[in-house]
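What follows is one structure encoded as structure tokens, with my remarks underneath.
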Amino acid sequence: MSKIILVTGASSGFGKAIAEKFAAGGWNLILTARRKEKLEAVAADLEKQFGIKTLCLAFDVQDKVAVFENLSHLPTEWQAIDLLVNNAGLALGRDSFFDANLEDWETMIDTNVKGLLYTSKAVLPYLIKQQGHIINIGSTAGKEVYKDGNVYCATKHAVDAITKAQRIDLLPYKIKVTAIHPGAVETDFSLVRFKGDASKAAAVYAGYTPLKAEDIADTAWYVANTPKHVCINDVVMTCVAQGNSTMIHKD
Ligand code: NDP
Ligand code: 8X3
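My numbering numbers the first residue of the sequence shown as 1097 and each following residue consecutively.
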């Protein structure tokens, strides 16, 4: 029987690349994000290419009621979830603590932290039955704080802490919990962060070769396919031009 992966934020970037990687490996996909049309386009393409099954659920992970309505009463054939990838997230703005916008802070906290918590809680009963696996997408921003990264960095530090807490608390259920912490990856991330300013977004990736979303998908595939007794706890990955959260060598 095919395995089932649930990926949040599957309409673009890492989530879409992870969906593609696992579909190519024969897994069936539960795909979530807010943009229904984008999700359905990803799903239709992967069903056609790989003959797998998909279930698209469009909702906002910030909305606690919507998360539980969508995820805690899944159709029977979709309940045997082997892997949850908590990927939906964003940065908004890159401003000093003094200048930063309170609404941006709230959106980042509600999405990156509360959304991940709600999703994990809603899916956990299914994961326990399967002795499944949770992969949380953190960031190098969750390992080191950088200038004007304040609350985005704080949310990713929270993802790091929640991952460790889940691993400890879920030991009796034999559930694997992994965090993948990437450095700079060229996706829509910076376009979202800079609120549609394409030149500011492009500048983030100029002068070096950043990671690609497919590199993160390859890592997710690796950690999801280790032997049953092995749990990869923590992966920090950057492109070769990046040394840590703050040091990128640009030509
Ligand atoms: P993208 O902007 O390409 O993708 C973000 C995804 O999250 C989209 O599918 C978006 O879907 C979804 N999403 C955002 N907000 C919500 C919400 N409120 N409810 C449901 N879904 C939501 O960026 P990336 O792929 O780069 O980012 C994915 C994750 O990786 C994020 O958690 C990010 O913080 C993290 N990350 C990114 C890095 C980078 O350099 N790109 C590096 C390290 C970590 P939709 O808009 O349709 O809802
Ligand atoms: C995204 C990478 O360095 O922009 O998490 O915070 S960074």
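A virtual CB, placed ideally from N, CA and C, is assigned to each residue, including glycine.
- In this structure, DSSP gives H1325 a state outside helix and strand, which the three-state scheme calls coil.
- The set of residues whose C-beta lies within less than 5 Å of a heavy atom of the ligand 8X3 reads, in chain order, S1235 and A1237.
- In terms of Cβ geometry, V1181 and I1231 form a close pair [threshold 7 Å].
- Excluding five sequence positions before and after G1109, the CB atoms of its chain that fall closer than 7 Å to its own CB belong to T1283, D1284, F1285 and A1309, given in chain order.
- Judged by DSSP in its simplified three-state form, V1157 adopts coil rather than helix or strand.
- With respect to the C-alpha of G1292, the residue from L1127, E1240 and L1188 having the closest C-alpha is L1188.
- A residue is called buried once 16 or more other Cβ atoms fall within 10 Å of its Cβ, and R1131, having fewer, is exposed.
- Buried is the label assigned to A1316, since at least 16 other Cβ atoms lie within 10 Å of its Cβ.
- Judged by the Cβ position, A1137 fails to qualify as a neighbour of the ligand NDP at the 6 Å threshold, every heavy atom of the ligand being at least this far.
- In the DSSP assignment, T1203 falls outside any beta strand (DSSP E) and within the unbroken alpha helix (DSSP H) covering L1198 to M1204.
- In this structure, DSSP gives N1124 an extended state, which the three-state scheme calls strand.
- Each residue's CA atom was taken as its position, placing V1300 and P1268 some 43 Å apart.
- The three-state reading of DSSP puts V1241 in coil, since its state is none of H, G, I, E or B.
- Counting along the chain, K1272 sits inside the beta strand (DSSP E) bounded by residues K1272 to P1278.
- Burial state of V1336 is exposed, judged by a 10 Å Cβ sphere holding fewer than 16 other Cβ atoms.
- H1229: member of the beta strand (DSSP E) spanning H1229 to I1233, first to last residue.
- The residue from Q1145, V1138, L1135 and G1185 with its alpha-carbon nearest to that of V1157 is G1185.
- Rounded to the nearest whole angstrom, the CA to CA distance from F1193 to D1244 is 7 Å.
- Ranking D1265, P1221, G1238 and S1098 by CA distance to the CA of L1167 puts P1221 first.
- Classified as buried, Y1214 has 16 or more neighbouring CB atoms from the shown chains inside 10 Å of its CB.
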